[in-house]
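See structure below.
Numbering (the working numbering), first residue to last: 291 to 370.
Written out as structure tokens, the structure reads:
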């Protein structure tokens, strides 16, 4: 499985969209507490190159503020 981007669940939870390298099936998965926030946010910049025919709305840099607020809290700019 290869992470290709991020999406939101209906409740606003961040999901990582993975693509199977064998069959191409897409699978959204919840982020875990020990996932690297750097790697998660890097997916905001890299998703477009890997998102051909994706049935999920992949997040991009326009969604950065919302993603950072979810990951780091309301005043995330004070923490990074």
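Think of the CB as a built atom: it goes at the ideal place given N, C-alpha and C, for glycine as much as any other residue.
Next item on the list: Pull up the distance between the alpha-carbon of residue 351 and that of residue 358, whole angstroms please.
Entry: 11 angstroms
Notebook entry, point to check: My guess is that residue 333 and residue 306 are in contact by the Cβ rule of under 8 angstroms, so how many angstroms apart are they, rounded?
Noted result: 7 angstroms
Notebook entry, point to check: Is residue 356 helix, strand or coil by DSSP?
Noted result: helix
Notebook entry, point to check: What residue from 344, 331, 362 and 345 has the CA that sits closest to residue 353's CA?
Noted result: 331
Check: Could you give the uninterrupted runs of the beta strand (DSSP E) lying entirely in the segment 309-347, keeping only those of 3 residues or more?
Finding: 316-320
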